[in-house]
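Take a look at the structure below.
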Amino acid sequence: AQSVAQPEDQVNVAEGNPLTVKCTYSVSGNPYLFWYVQYPNRGLQFLLKYITGDNLVKGSYGFEAEFNKSQTSFHLKKPSALVSDSALYFCAVRPNQAGTALIFGKGTTLSVSS
Amino acid sequence: SAVISQKPSRDICQRGTSLTIQCQVDSQVTMMFWYRQQPGQSLTLIATANQGSEATYESGFVIDKFPISRPNLTFSTLTVSNMSPEDSSIYLCSVDGVAISSTDTQYFGPGTRLTVL
Numbered sequence: 073a074q075s076v077a078q079p080e081d082q083v084n085v086a087e088g089n090p091l092t093v094k095c096t097y098s099v100s101g102n103p104y105l106f107w108y109v110q111y112p113n114r115g116l117q118f119l120l121k122y123i124t125g126d127n128l129v130k131g132s133y134g135f136e137a138e139f140n141k142s143q144t145s146f147h148l149k150k151p152s153a154l155v156s157d158s159a160l161y162f163c164a165v166r167p168n169q170a171g172t173a174l175i176f177g178k179g180t181t182l183s184v185s186s
Numbered sequence: 017s018a019v020i021s022q023k024p025s026r027d028i029c030q031r032g033t034s035l036t037i038q039c040q041v042d043s044q045v046t047m048m049f050w051y052r053q054q055p056g057q058s059l060t061l062i063a064t065a066n067q068g069s070e071a072t073y074e075s076g077f078v079i080d081k082f083p084i085s086r087p088n089l090t091f092s093t094l095t096v097s098n099m100s101p102e103d104s105s106i107y108l109c110s111v112d113g114v115a116i117s118s119t120d121t122q123y124f125g126p127g128t129r130l131t132v133l
């Protein structure tokens, strides 16, 4: 079965420190990979995606993610965390077919302390 | 990116009643998806809705409980029928702009927060 794993329920970092939110996937073929962020009482906002090409992709708000095919991972990173980055982060994959829905991880709560 | 609105943004309903959620997009899209996010959980796909055809439901979701309409390329509705407290969730619609701008990204509406008493 196709799945996405986010092994950490919560990640705690201090403001100014680098952050990593982990994601691994189990999907056949060459899937599309995404990160979304959800702030309290808000919908999902798209952060970044990997389709093909450079393994390091850059997205909104200074976030980036590194695709590693051999490890089937797509970890989200930011060099310097902000308190305002505190939110719920979802990794999602989409099998490489037009019109298919996303498969979501369970989400990781990022808490950045001042 | 597509701009998506949902109505209502939230509602509190009595068990046994039904609620219809509307999803409006500012551009024509081929695929629309309806997801459910139960409290403290991830998103689960309910169904995929194409214009002019019956919605395709995921395992565990049935048309009698979650009827969906898709009358045109910018609009869809999801009805939650005969509600029970277990239906208390956030319901989100999402769109795939493949038809128009060949985007690979799904964009989400703000969600409808439903509480069933």
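Chains as they are written, first to last, in our numbering: chain A, 73 to 186; chain B, 17 to 133.
Every residue, glycine too, gets a C-beta built ideally from N, C-alpha and C.
No experiment lies behind these values; they were computed from the predicted model shown.
Around glycine 177 of chain A, the beta-carbon contacts reaching into chain B at under 8 Å are Ser58. Cβ-Cβ distances below 6 Å link threonine 93 of chain B to Thr36, Gln38 and Ser85 in the same chain, with the five nearest sequence neighbours on each side left out; the list follows chain order. DSSP places proline 101 of chain B within a helical segment (H, G or I) once states are collapsed to three. Bounds of the beta strand (DSSP E) holding valine 129 of chain A are 128-130. Residues of the region 97-121 of chain A with a C-beta atom less than 9 Å from some C-beta of chain B are Tyr104, Phe106, Tyr108, Gln110, Asn113, Arg114, Gly115, Leu116, Gln117, Phe118 and Lys121, listed in chain order.
Counting only residues of its own chain and dropping the five nearest sequence neighbours on each side, aspartate 81 of chain A has a CB closer than 7 Å to the CB of Thr180 and Thr181. As computed with DSSP, asparagine 140 of chain A is found in a beta bridge with A:Ser145.
For leucine 174 of chain A, the nearest CB of chain B lies under 8 Å from its own CB, placing it at the interface with that chain.
Lysine 81 of chain B is bridged by DSSP to nothing; it lacks a bridge partner. Straight across, the Cα-Cα distance linking valine 96 of chain B with cysteine 29 of chain B is about 11 Å.
Taking a Cβ-Cβ cut-off of 8 Å, threonine 95 of chain B has no neighbours in chain A, whose nearest Cβ is about 20 Å from it. Interface with chain B (8 Å Cβ-Cβ cutoff): phenylalanine 162 of chain A is included. The beta-carbon distance between leucine 91 of chain A and alanine 153 of chain A, rounded to whole angstroms, is 5 Å. This is short enough to meet the 8 Å contact definition. In the DSSP secondary-structure assignment, alanine 65 of chain B is bridged to B:Met48. Not a single C-beta of chain A is nearer than 8 Å to the C-beta of leucine 35 of chain B. Between alanine 77 of chain A and the set A:Ser185, A:Lys150, A:Ser156 and A:Phe106, the nearest pair of CA atoms involves A:Phe106. Excluding its 5 nearest sequence neighbours in each direction, tyrosine 133 of chain A has no C-beta neighbour in its own chain below 6 Å.
Look at leucine 130 of chain B: its C-beta is not under 8 Å from any C-beta on chain A. Interface with chain A (8 Å Cβ-Cβ cutoff): leucine 61 of chain B is included. Contact check for alanine 65 of chain B against aspartate 42 of chain B fails: the beta carbons are separated by 8 Å or more.
The beta carbon of arginine 26 of chain B is closer than 7 Å to those of Thr128 and Arg129 in its chain, skipping five residues each way along the sequence. In the DSSP assignment, lysine 94 of chain A falls outside any beta strand (DSSP E) and carries neither an H nor an E.
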